[in-house]
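Participant: I have a structure here, written as structure tokens, and I will follow up with some questions on it.
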Amino acid sequence: DGGITQSPKYLFRKEGQNVTLSCEQNLNHDAMYWYRQDPGQGLRLIYYSQIVNDFQKGDIAEGYSVSREKKESFPLTVTSAQKNPTAFYLCASSTVTGGGQETQYFGPGTRLLVL
Amino acid sequence: GDSVTQMEGPVTLSEEAFLTINCTYTATGYPSLFWYVQYPGEGLQLLLKATKADDKGSNKGFEATYRKETTSFHLEKGSVQVSDSAVYFCALSDRANFGNEKLTFGTGTRLTIIP
Chain E
1 DGGITQSPKY LFRKEGQNVT LSCEQNLNHD AMYWYRQDPG QGLRLIYYSQ IVNDFQKGDI
61 AEGYSVSREK KESFPLTVTS AQKNPTAFYL CASSTVTGGG QETQYFGPGT RLLVL
Chain U
116 GDSVTQMEGP VTLSEEAFLT INCTYTATGY PSLFWYVQYP GEGLQLLLKA TKADDKGSNK
176 GFEATYRKET TSFHLEKGSV QVSDSAVYFC ALSDRANFGN EKLTFGTGTR LTIIP
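Heads up: the sequence lines are chains E and U, in that order. Heads up, the first sequence is in the numbering used here, so the first residue is 1 and it goes up one at a time. Heads up, the second sequence is in the numbering used here, so the first residue is 116 and it goes up one at a time.
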């Protein structure tokens, strides 16, 4: 079955530690996205990528970094510079047509908690 | 910039009641509009979408009509079920951003259906 997988389901970060969230898709989608979800604030875009080896900052990129070395994979690193990382992180993917009509498909999410 | 405003939740209804969740938007171009649903502990999944004015999206008994004159995309269902309990997100993708499939989300509306 095609879909998006995220791991781990829960992740704990210690003070000053960098952690990496995994996102893999087998939908053959060109575009991938990372969102952060906080209670009462909806989803906010962290980074997105429309092609391998290229990515752009979203609305809240500070304290995060990404890479896109393979079409199927778009890992997100939460760095120690992110002072409030506790949130639910969602990865998504879509095709790219330029028409803004494409559905984004979401993974099950990773909940990051700070120890 | 683009924005989506959703009806504040939570919303609690009895089974078989009529549902309306209001959504209005602001966009610089000609957006596509989406409703996504999130069940507890899961990622988001597309519920329905509409890509141009006067289009009606429908799925699983839910409907929403793209109203350009009122910049609205209200979600409706004639008879809700307990299984409809979830968080509902309205979102837009602005086609003025050519080649950019970014979604702008509302804050979400939590819906609880009581048997």
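The beta-carbon is built from N, C-alpha and C at its ideal position, and this holds for glycine as well.
So what does U/Asn174 bridge to, in DSSP terms?
Facilitator: U/Phe177
Participant: Let's test the definition: count the other Cβ atoms within 10 Å of the Cβ of U/Val241 and tell me whether it reaches 16, buried, or not, exposed.
Facilitator: Beyond the ends of chain U as shown, which are 116 and 230, falls residue 241 of chain U; an answer cannot be given.
Participant: Within the segment 133-167 of chain U, note down every full beta strand (DSSP E) run reaching 3 residues or more, in order along the chain.
Facilitator: 134-136, 138-141, 146-153 and 159-165
Participant: Under the rule that 16 or more other beta-carbon atoms within 10 Å means buried, what is U/Phe220, buried or exposed?
Facilitator: buried
Participant: Determine which residues of the segment 71-84 of chain E have a Cβ less than 8 Å from any Cβ of chain U, and write them out in chain order.
Facilitator: none
Participant: By the DSSP assignment, the beta strand (DSSP E) with E/Gly17 in it spans what residues?
Facilitator: Sequence check: residue 17 of chain E is Gln here, not Gly. Looking at the DSSP string, E/Gln17 is not in any beta strand (DSSP E), and its letter there is neither H nor E.
Participant: How about the segment 41-51 of chain E and the segment 21-32 of chain E: do they share at least three Cβ pairs that are nearer than 8 Å?
Facilitator: yes
Participant: What is the DSSP secondary structure of U/Ser118, counted as helix, strand or coil?
Facilitator: Three-state result, U/Ser118: strand.
Participant: Listed from N- to C-terminal order along the chain, which residues in the segment 4-21 of chain E have their beta-carbon within a distance smaller than 7 Å of any beta-carbon of chain U?
Facilitator: none
Participant: Quick one: Cα of U/Glu157 to Cα of E/Gly109, how far?
Facilitator: 7 Å
Participant: In terms of DSSP beta bridges, what is E/Lys57 paired with?
Facilitator: E/Tyr47
Participant: What number of angstroms, rounded off, separates the C-alpha of E/Glu72 from the C-alpha of E/Val66?
Facilitator: In this structure, the alpha-carbon of E/Glu72 lies about 14 Å from that of E/Val66.
Participant: What does E/Leu112 touch in chain U if you count any residue whose Cβ is under 7 Å from its own?
Facilitator: For E/Leu112, there are no neighbours in chain U by C-beta distance under 7 Å, as the nearest C-beta there is about 15 Å away.
Participant: What in chain E is Cβ-close to U/Gly221, meaning under 7 Å?
Facilitator: Gly42
Participant: Let me confirm a value: U/Thr227 is counted as buried when at least 16 other C-beta atoms fall within 10 Å, else exposed. Which label applies?
Facilitator: exposed
Participant: Using alpha carbons as the reference points, say which of U/Val152, U/Pro125 and U/Gly176 lies closest to U/Glu131.
Facilitator: It is U/Gly176.
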